[in-house]
Amino acid sequence: MGIRLSATILLFVVTPHNSDWLGGVNVIQPTEDVMVIEGQPTTLSCLFDTTSQSPYLFWYKQQPNGKPMFMLRRDIFSPGETTTEFKERFDARLNVTAKSVPLTIQRVQLSDSAVYYCALRPTVTT
Numbered sequence: 061m062g063i064r065l066s067a068t069i070l071l072f073v074v075t076p077h078n079s080d081w082l083g084g085v086n087v088i089q090p091t092e093d094v095m096v097i098e099g100q101p102t103t104l105s106c107l108f109d110t111t112s113q114s115p116y117l118f119w120y121k122q123q124p125n126g127k128p129m130f131m132l133r134r135d136i137f138s139p140g141e142t143t144t145e146f147k148e149r150f151d152a153r154l155n156v157t158a159k160s161v162p163l164t165i166q167r168v169q170l171s172d173s174a175v176y177y178c179a180l181r182p183t184v185t186t
């Protein structure tokens, strides 16, 4: 009989301070710190309030001492866009009625430990 070790991973969710960028726009990420057992799934919340009938929602990941990296975009006109490195285990579903776009991470890994940002418009340019 062997001993099974599991790591606990801490994910941080941050709401940008300037959430009223577009006038009548607000992004709320109610969950701040999420602790997850390695290999388990988790969901990070993101709620939004906008007068726009066609919102575009974005998720970003920022490693310690790194720049925010674009992960994915969701909108009502298309399936959206997901960066190649996030396609396998990361997904978000835009729900315009509930005004939410939760980020689901499958099989959480130690490398997922980071700060995650949700935004109603692109906030990182290359």
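Just so we're aligned: 120 in this note's numbering is position 60 of the sequence shown, and the numbers increase by one with no gaps anywhere. The C-beta atom is built at its ideal place from N, Cα and C for all residues, glycine as well. Nothing here was measured: the structure is a model prediction, and the numbers come from that model.
For residue i, which of helix, strand or coil comes out of DSSP?
| i | result |
| --- | --- |
| residue 142 | strand |
| residue 135 | coil |
| residue 117 | strand |
| residue 160 | strand |
| residue 104 | strand |
| residue 180 | coil |
For the putative contact between residue i and residue j, defined by C-beta atoms under 8 Å, what is the C-beta separation to the nearest angstrom?
| i | j | result |
| --- | --- | --- |
| residue 114 | residue 88 | Rounded, the Cβ-Cβ distance is 20 Å, inconsistent with contact. |
| residue 108 | residue 180 | 6 Å |
| residue 117 | residue 161 | 4 Å |
| residue 103 | residue 163 | 7 Å |
| residue 158 | residue 119 | Not a contact, Cβ separation roughly 17 Å. |
Beta-carbon within less than 6 Å of residue i's beta-carbon, same chain only, minus the 5 sequence neighbours each way: which residues are those?
| i | result |
| --- | --- |
| residue 142 | 132 |
| residue 82 | With a pLDDT of only 39 at residue 82, under the threshold of 50, the placement of this residue in the model should not be trusted; the figure read from the coordinates follows. There are no such residues. |
| residue 138 | none |
Near residue i, what residues of its chain come up, given a Cβ to Cβ distance below 7 Å and the 5 sequence neighbours on each side ignored?
| i | result |
| --- | --- |
| residue 112 | none |
| residue 165 | 101, 102, 149, 150, 172 |
| residue 140 | 132, 133, 134 |
| residue 146 | 131, 132 |
Report all residues from its chain with a CB closer than 8 Å to the CB of residue i; omit the five preceding and five following residues, and keep chain order.
| i | result |
| --- | --- |
| residue 156 | 115, 136 |
contact_flag[the segment 166-175, the segment 120-129] where n(CB pairs < 8 Å) is 3 or more: yes
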